[in-house]
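Residue numbers (our numbering): 5 to 87.
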């Protein structure tokens with residue numbers, strides 16, 4: 005296999021791994037959203053909020069991570085298109 009073929013193969017693998025990472029991150033985002041909804045609902049019955057600030061920060065960081073993954077996919081696609 006040529007060097008260029010090897011590079012294309014590696015880029016295809018990276019694209020696959022990024023896709024998998026995005027799917028896992030989306031699942032985590034959905035689960036965090038479910039947890040936030042449950043805690044918000046239960047918090048209405050309590051005098052103190054049940055939603056920990058760390059969970060909100062985790063959701064924000066996960067959104068940043070999803071944006072980075074999306075950027076990585078775009079970058080790999082751009083590189084792949086150029087070779």
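Note that the Cβ used here is the ideal one computed from N, Cα and C, for glycine as well.
Alpha helix (DSSP H) segment containing residue i, residue limits
i: residue 84; result: 57-86
DSSP three-state assignment for residue i, whether helix, strand or coil
i: residue 51; result: coil
i: residue 24; result: helix
Assumed close pair residue i, residue j - CB separation to whole angstroms, cut-off 8 angstroms
i: residue 53; j: residue 45; result: Actually they do not touch by this definition, with Cβ atoms about 12 angstroms apart.
i: residue 73; j: residue 29; result: 6 angstroms
Own chain partners of residue i with C-beta closer than 8 angstroms, once the 5 adjacent residues on each side are dropped
i: residue 33; result: 63, 66, 67, 70
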